[in-house]
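Participant:
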Amino acid sequence: KNEVEQSPQNLTAQEGEFITINCSYSVGISALHWLQQHPGGGIVSLFMLSSGKKKHGRLIATINIQEKHSSLHITASHPRDSAVYICAVPVGTSGSRLTFGEGTQLTVNP
Amino acid sequence: DVKVTQSSRYLVKRTGEKVFLECVQDMDHENMFWYRQDPGLGLRLIYFSYDVKMKEKGDIPEGYSVSREKKERFSLILESASTNQTSMYLCASTHSGEYQPQHFGDGTRLSIL
Numbered sequence: 003k004n005e006v007e008q009s010p011q012n013l014t015a016q017e018g019e020f021i022t023i024n025c026s027y028s029v030g031i032s033a034l035h036w037l038q039q040h041p042g043g044g045i046v047s048l049f050m051l052s053s054g055k056k057k058h059g060r061l062i063a064t065i066n067i068q069e070k071h072s073s074l075h076i077t078a079s080h081p082r083d084s085a086v087y088i089c090a091v092p093v094g095t096s097g098s099r100l101t102f103g104e105g106t107q108l109t110v111n112p
Numbered sequence: 052d053v054k055v056t057q058s059s060r061y062l063v064k065r066t067g068e069k070v071f072l073e074c075v076q077d078m079d080h081e082n083m084f085w086y087r088q089d090p091g092l093g094l095r096l097i098y099f100s101y102d103v104k105m106k107e108k109g110d111i112p113e114g115y116s117v118s119r120e121k122k123e124r125f126s127l128i129l130e131s132a133s134t135n136q137t138s139m140y141l142c143a144s145t146h147s148g149e150y151q152p153q154h155f156g157d158g159t160r161l162s163i164l
């Protein structure tokens, strides 16, 4: 069983919809990462958070450490938000090594 | 901006060949990583390095080796390529410590025929 579980695996939305992607993890962590991968392969880091909530533009990430759960929300979704969203948590003692969820494929239709 | 550069976007090789994938970063990062990404399996760590000439096995090191002779460069080597190594390979780098984002290259889509 993967230490990081994401849901849903696939998500299709209409432009303007509010989107939520969920991530649950089984290990104790100091921080959780949300990443975005566009078609073509490149991956960018969206958020690192260890408590509460972070916001960047239309993206909001929340985390509940006690429940070992995080959510990524996208407000007023746009076709350019179409991508794979990946949740990751640190493993080992260094904090640098990550284990990843399988990703959520988001498609936003115009 | 941090730049992580992988030597090839697409690569086609034959079974049994020795294959080199190169990764260079320009931000003096201590840590570098090699992942492979397959549908339904997500990103899996092959090897990582936390310093020059230092390496540690990840989750799936079999059939691979790595080299880190200089801080900025981390090479992944397929000693004798096999068809089950057809995959997307991604390199990443980061400073040491917690709360450090990983910076990824654009990936190399490798096909072994």
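Chains as they are written, first to last, in my numbering: chain A, 3 to 112; chain B, 52 to 164. Glycine residues also receive a C-beta, built at the ideal position from the N, C-alpha and C atoms. Remember, predicted model here, so these are calculated numbers, not experimental data.
#1: Give a yes or no on contact between the stretch 53 to 65 of chain A and the stretch 8 to 17 of chain A, applying the rule of three or more CB pairs nearer than 8 Å.
#2: According to the Cβ coordinates, are B:Gly158 and B:Gln76 closer than 9 Å?
#3: Quick one: is B:Ser116 buried, meaning 16 or more other Cβ sit within 10 Å of its Cβ, or exposed?
#4: Please classify A:Arg82: does DSSP put it in a helix, a strand, or coil?
#5: Which stretch, first to last residue, makes up the beta strand (DSSP E) that contains A:Gly18?
#6: 9 Å is my cut-off, CB to CB: does A:Ala63 come that close to chain B?
#7: In or out: A:Tyr27 buried (at least 16 other Cβ within 10 Å) or exposed?
#8: Across the stretch 83 to 100 of chain B and the stretch 95 to 112 of chain A, are there enough close Cβ pairs to call them in contact, namely three or more that are closer than 8 Å?
#9: Anything in the stretch 20 to 39 of chain A with a Cβ closer than 9 Å to a Cβ of chain B? List those residues in chain order, please.
#10: Run the CB neighbour count on B:His154, radius 10 Å, all protein chains shown included, and call it buried at 16 or more, exposed below.
#11: Does the separation of the CB atoms of A:Ser84 and A:Thr109 fall below 9 Å?
Facilitator: The relevant details are as follows:
#1: Three or more beta-carbon pairs separated by less than 8 Å are not found between the stretch 53 to 65 of chain A and the stretch 8 to 17 of chain A, which leaves the two stretches without contact.
#2: Residue numbering aside, residue 158 of chain B sits at position 107 when the second sequence is read from its first letter. Residue numbering aside, residue 76 of chain B sits at position 25 when the second sequence is read from its first letter. Going by C-beta atoms, B:Gly158 is not nearer than 9 Å to B:Gln76.
#3: Counted from its first residue, the second sequence places residue 116 of chain B at position 65. B:Ser116 is exposed by the Cβ-count criterion.
#4: Within the first sequence, the letter at position 80 stands for residue 82 of chain A. In the structure shown, A:Arg82 sits in a helix (DSSP, three-state: H, G or I).
#5: Position 16 of the first sequence, counted from the start, is the residue given in the question as residue 18 of chain A. It is not in any beta strand (DSSP E) - A:Gly18 carries neither H nor E in the DSSP assignment.
#6: Your numbering for residue 63 of chain A matches position 61 in the first sequence. No, because no Cβ of chain B sits closer than 9 Å to the Cβ of A:Ala63.
#7: The residue labelled residue 27 of chain A in the question sits at position 25 within the first sequence. Buried, because 16 or more other Cβ atoms sit within 10 Å of the Cβ of A:Tyr27.
#8: Enough Cβ pairs lie closer than 8 Å, so yes.
#9: Ser32, Ala33, His35, Leu37, Gln39
#10: Taking the first residue of the second sequence as 1, we reach residue 154 of chain B at position 103. Answer is buried; the Cβ neighbour count reaches 16.
#11: Here residue 84 of chain A is taken as the residue at index 82 of the first sequence, counted from 1. Here residue 109 of chain A is taken as the residue at index 107 of the first sequence, counted from 1. Yes, the Cβ-Cβ distance between A:Ser84 and A:Thr109 is below 9 Å.
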